[in-house]
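Visitor:
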Amino acid sequence: MTEHTPSTPPFRDPRLPFPKRIDDLLARLTLDEKVSFLHQFAPAVERLGIAAFRTGQEALHGVAWMGPATVFPQAVGLGATWNPDLVRRVGEAVSREVRAMRARGDRVGLNVWAPTVNLLRHPLWGRNEEGYSEDPKLTSAIATAYTRGLRGDHPTYWRTAPVLKHWLAHNNETGRDVTSSSVRPRVLHEYDLRAFEEPVEAGAVAGVMPAYNLVNGRPNHVSPYLRAHLRAWTDQDLLVCSDAGAPSSLVDSEHYFDTHEEATAAALRAGVDSFTDHGTDSSKITARVHGALDQGLLTESDIDTAVRRQLSVRFRLGEFDPADDPHADTGAFDTPAHRALAREAAEQAVVLLKNDGVLPLAHDTRIAVVGLLADECKLDWYSGTLLHRSTPLEGLYERFGAERVEFAEGVDRVRLRTSAGTFLRVPPAPDAPDEVRGAEGALDPALLAGRTDLPPLTAGATGTELALTDWGAGVLTLRAPDGRCLSVAGDGFVRASADQPGGWVVQETFRLEPHDGGHLLRHIGTGRHVRVAADGVKVAPADDTAAPEVFELITDERGADAVTRAARGADVVLVVAGNDPHIGGRETEDRTTLALPAQQERLLRAARAANPNTVLVLVSSYPYAVPVAELPAALWTAHGGQAAGTALARVLAGDVSPAGRLPQTWYASDADLPELLDYDVIGARQTYLYFAGTPLFPFGHGLSYASFRYADLSVDTGADTVRVRCTVTNTGDVTADEVAQLYTRAVDPSAVRPRRELLGHRRVTLAPGERAELTFEVPLSAFAFWDVARDRRRREPGPYDLLVGASSEDIRLRTTLDLDGEPAAPRAVLSRGLDAAGFDEQSGAALVDRTRVSGDAVTPVDGGTAELVYRDCDFGAGAREVTVRVSGRGTVELLPGGGSAPVTLALDAPGSGPYDYTSLRAGIAVAGVRDVRLRLRGPLRLAHIGFSG
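Numbering (numbering that gives the first Met the number 0), first residue to last: 0 to 948.
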């Protein structure tokens, strides 16, 4: 330990507790220095020997954006493992690589922005790949495990400091910085907050990042929930880091504040401690903070509070105690253990959706592997650069031998003929490498012999034959014979230069637009058409007035024909389908459908028509609605990182029995989905918790090569917990993992409750004939729900089913448990009135901000009509007057029921703004206990309804 000398300032003394050291350091910093710390890139303070620091290092499933690193499966794939122990080890490996890469250069930060714990409420969300599950319990378990791995086990010093993303109710990319998620109190407390609560309470989280969106009309960056909930869960200082550019959005796009000084002050007071804005340029944020100080919007104490939280993280990371930091020399990079762990994680993430006996494949099986993902190892926006790569094709070659595997990608081979009769030629980039992975080349000339369906070719003028892939919605990539994708550089020229589509704005996607008997080729990234000029192929300049080039599309071979040829001679066909994580469903872009892209559906139909033993292998960031009834087997895996192909081949061969489980519901069609912006999971009957339809595959589903028997269910109830025991026996003939899942449902609830709700799960490995005794410890609080009448959690007395099984629908054991609790009671409306947001049911309503600082109000969507229902209101001997607090313009119609006459109150003269409330009063005659219905019309906000006798 460092020795203390009289010249050592207290903040450098490791014998003192962190709070005293932070106090000392804060007292030594000038106001300007403290203000400078508020930007993401905090400068060094040389006079105190303090180094520069930055918040933020992406580490969702490996170290991202910093070059080569171990790439683990996508987060949704880690969720599919249902294995907290594995995920903890992945987090530990990632944190060790962060430390190792940090030792090479300070460009890598130790404050990691991971994991994403937003619940996968809607499968069309573009960032589905970043979350773990639609279920808060499973998400909490996986997130807690990952953060524990990232943090490390040392009681004082952390290996990295994880920040959870994205606070709060963030599930849409469409208009993500201007849309508001309407989250009723029950959904807030029973669903969205729960994903954050358990990881924070576990003590392994350094902070959170607010999301771009608004919640109930208020931007997340000024959310009162940061103080009311987040910081109430722990006595540890939590660091709140803004999302990139979000502080400026408070004024620029959301128009929530008039000036940036107001916005910055409000965000800081709400709890934002580090501002990620304007890249490395901190001058704008610091100027805004100083302006807010000058205007009296902030005090130095507000600055100190935020800086204290930042320093707390920096002390925990060992920055001020380099000699005592136990993690200083523990970094490890691309080790054999990390490579093995990447493969193990990829294997455990594979979900066997269906199997009529065709799997596993015998060692002598002749396999046709086809499809657009068959020879791909895709990365996403939050991946590191691959050090190792394994595609499904490569994995099958490795496992079964190249002589038993035939490959047909299934792309359409096309050329583009110009109006002048010449064929489009696309040059490679000048600095492109000589070889590119996947350059299996163009169509074999021998296959063209005798073909009469192709146009005559002029010798030496055949142009560039392009492999065309349609990723859905008409979004295309075009690949040259050497394997490189066509891309548009900053100079506007089109070249074959990219190994894969990628980048924040993808430059490798195009559209073919029918025009004048041919097609225009539009580059999506620039929005401009491709033209052929004297100096090469380029996109038209912005001010171009010339007529666009009209191309004739010449198809040399259809991908479905190649698939048919390969499928005919095989014992089994593996159609590898899915998505490219940079296209059609990603950050900034939601999906529009669950359907596979049409090109991939054609390939699947062609394979199935040629060979009935066709197995669908989906490699994707999200669920699809696929025709599995027609297939003997189907599997799904998220993009599995560097070992994806090897892992998949081992599962197909039976070296590993699949045991991944679906972390979200797979719906049968788009008709089963709610509106993307409908965040009321209760009212819209979303996720397995409330969905009453028949899913394609249910939450928790996944098959095995073994079979399992569940038995010996017993339940013991203690003062604070319920202990559930059962046994699981492997009755198959192979060693396999089983994921036992415990659910509950309230048998006779007084309010809408989940159809079933996950209480716990266990993933266990069992040899043939082996039996495991499983115990689930469930706190009694898990049976409570948020009672809007009491504005707190309440456990309702009565019977609760306990259900144990292999998925949310495959229940093997059940019993009923009677629990005591607080009985339902009528709302005492004469003393408390009704908080407008505390409704039991609604239609056509949205929650909005009551004020900019706190509280919720209710308004009709788009100024139309909203219906609200408040159950069991007790008016006692009678109420004579009703008072409503409203702003805006419109009418409130009160329907007390029980024969009482409706009452209508109108606000015709709106006040000075949405927060200028008026009290409207009217006589009423209502007594006893009854439901109250309200009908709101017009663009008004209702905050409260009061009654008096």
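Where a beta carbon is used, it is the ideal one built from N, C-alpha and C, also for glycine.
Using the Cβ count rule (16 or more neighbours within 10 Å means buried), how would you classify residue 0?
Guide: Per-residue confidence for residue 0 stands at a pLDDT of 46, beneath the threshold of 50, marking its modelled position as unreliable; the derived number appears in the next sentence. When all chains shown are included, residue 0 counts as exposed.
Visitor: Identify which residue in 809, 153, 423, 71 has its Cα closest to the Cα of residue 336.
Guide: When only C-alpha atoms are compared, the closest one is 71.
Visitor: Label residue 272 either buried or exposed according to how many other C-beta atoms from any shown protein chain fall within 10 Å of its C-beta, with 16 as the threshold for buried.
Guide: Residue 272 comes out buried.
Visitor: Does the Cβ-Cβ distance between residue 28 and residue 10 come in under 7 angstroms?
Guide: Against a cut-off of 7 angstroms, the Cβ pair of residue 10 and residue 28 comes out as no contact.
Visitor: In the DSSP assignment, the alpha helix (DSSP H) including residue 944 goes from what residue to what residue?
Guide: From DSSP, residue 944 is part of no alpha helix (DSSP H) but of the beta strand (DSSP E) over 939-947.
Visitor: Look at residue 788 and residue 849 and say whether their C-beta atoms are less than 7 angstroms apart.
Guide: No, they are not a contact pair.
Visitor: Taking all protein chains shown into account, do 16 or more other C-beta atoms lie within 10 angstroms of the C-beta of residue 912, making it buried, or fewer, making it exposed?
Guide: That one is exposed.
Visitor: What does a CB cutoff of less than 6 angstroms around residue 786 pick up in its chain, not counting 5 residues either side in sequence?
Guide: So the qualifying residues of the chain are 793.
Visitor: By the three-class DSSP mapping on this structure, what secondary structure does residue 736 have?
Guide: Residue state, collapsed to three classes: strand.
Visitor: Let me make sure I understand the geometry here. Which of 263, 341, 120, 154 has the alpha-carbon closest to that of residue 92?
Guide: Among 263, 341, 120, 154, the Cα nearest to that of residue 92 belongs to 341.
Visitor: Which whole-angstrom value is the C-beta distance of residue 647 and residue 370, which I expect to be below 8 angstroms?
Guide: With 8 angstroms as the limit, residue 647 and residue 370 do not qualify as a contact, their Cβ atoms being about 12 angstroms apart.
Visitor: For the beta strand (DSSP E) that contains residue 394, what are its first and last residues?
Guide: Here residue 394 belongs to no beta strand (DSSP E); instead the alpha helix (DSSP H) covers 391-399.
Visitor: Give the DSSP-derived three-state secondary structure of residue 306 in the structure shown.
Guide: Of the three classes helix, strand and coil, the one that applies to residue 306 here is helix, per DSSP.
Visitor: Which class does residue 414 belong to by DSSP, given the choice of helix, strand or coil?
Guide: Note: residue 414 maps to strand in three-state DSSP.
Visitor: Verify whether the separation of the beta carbon atoms of residue 128 and residue 620 is less than 7 angstroms.
Guide: For residue 128 and residue 620, yes; Cβs fall inside 7 angstroms.
Visitor: Give me the DSSP bridge partner(s) of residue 117.
Guide: DSSP output for residue 117 lists no bridge partner at all.
Visitor: Scan the region 472-496 and note each continuous beta strand (DSSP E) run of 3 residues or more that stays entirely inside, going in chain order.
Guide: 475-478, 484-487, all fully within the region 472-496.
Visitor: Alpha carbon to alpha carbon, what distance is there between residue 839 and residue 750?
Guide: For residue 750 and residue 839, the distance between alpha carbons rounds to 8 angstroms.
Visitor: Can you grab the Cα-Cα spacing for the pair residue 152 / residue 143, in whole Å?
Guide: Rounded to whole angstroms, residue 152 to residue 143 spans 13 angstroms at the Cα level.
Visitor: Give the C-beta separation of residue 734 and residue 770 to the nearest angstrom, bearing in mind that I take them to be a contact with Cβ-Cβ under 8 angstroms.
Guide: Not confirmed; about 14 angstroms, so no contact.
Visitor: Nearest-angstrom Cα distance between residue 865 and residue 218?
Guide: Rounded to whole angstroms, residue 865 to residue 218 spans 23 angstroms at the Cα level.
Visitor: Are there any heavy atoms of the ligand ADP lying less than 6 angstroms away from the beta-carbon of residue 779, as far as the coordinates show?
Guide: Only the bare structure without any ligand can be found here, which leaves the ligand ADP out of the picture.
Visitor: Mind checking who residue 868 pairs with in its DSSP beta bridge?
Guide: Answer by DSSP bridge pairing, in chain order: 840, 932.
Visitor: Report the start-end ranges of each beta strand (DSSP E) in the region 303-388 that is 3 residues or longer and not cut off at the edges.
Guide: List check, beta strand (DSSP E) in window: 350-354, 366-369.
Visitor: Between 628, 652, 193, 284, which has its C-alpha nearest residue 41's C-alpha?
Guide: Answer by Cα proximity: 284.
Visitor: Taking the alpha-carbon of residue 133 as reference, which of 807, 860, 60, 233 has the nearest alpha-carbon?
Guide: Of the listed residues, the one whose Cα sits closest to residue 133 is 807.
Visitor: What are the start and end residues of the alpha helix (DSSP H) that includes residue 195?
Guide: Run containing residue 195: 193-200, per the alpha helix (DSSP H) assignment.
Visitor: Is it true that the region 889-899 meets the region 923-941, where meeting means three or more beta-carbon pairs spaced less than 8 angstroms apart?
Guide: Segments in contact, yes.
Visitor: With 16 as the cutoff for other CB atoms within 10 Å, does residue 530 come out buried or exposed?
Guide: It is buried - the Cβ of residue 530 has at least 16 other Cβ atoms within 10 Å.
Visitor: Which residues in the same chain as residue 532 place their Cβ atom closer than 8 angstroms to its Cβ, once the five residues preceding and following it in sequence are excluded?
Guide: Excluding residues within five positions, none has a Cβ falling inside 8 angstroms.
Visitor: According to DSSP, is residue 681 helix, strand or coil?
Guide: Residue 681: coil per DSSP, three-state reduction.
Visitor: When the Cα atoms are used, what is the spatial distance from residue 674 to residue 244?
Guide: Cα-Cα distance, rounded: 27 angstroms.
Visitor: Should residue 19 be labelled buried (16 or more other beta-carbon atoms within 10 Å of its own) or exposed?
Guide: When all chains shown are included, residue 19 counts as exposed.
Visitor: Cα-Cα, which of 34, 68, 225 is closest to residue 388?
Guide: If we check each option's Cα against that of residue 388, 68 comes out closest.
Visitor: Could you name each continuous alpha helix (DSSP H) segment of 4 residues or more that falls completely within the region 26-85, going from the start of the chain to the end?
Guide: Within the region 26-85, the complete alpha helix (DSSP H) runs of at least 4 residues are 30-35, 74-79.
Visitor: DSSP three-state call for residue 798: helix, strand or coil?
Guide: Three-state DSSP puts residue 798 in a strand.
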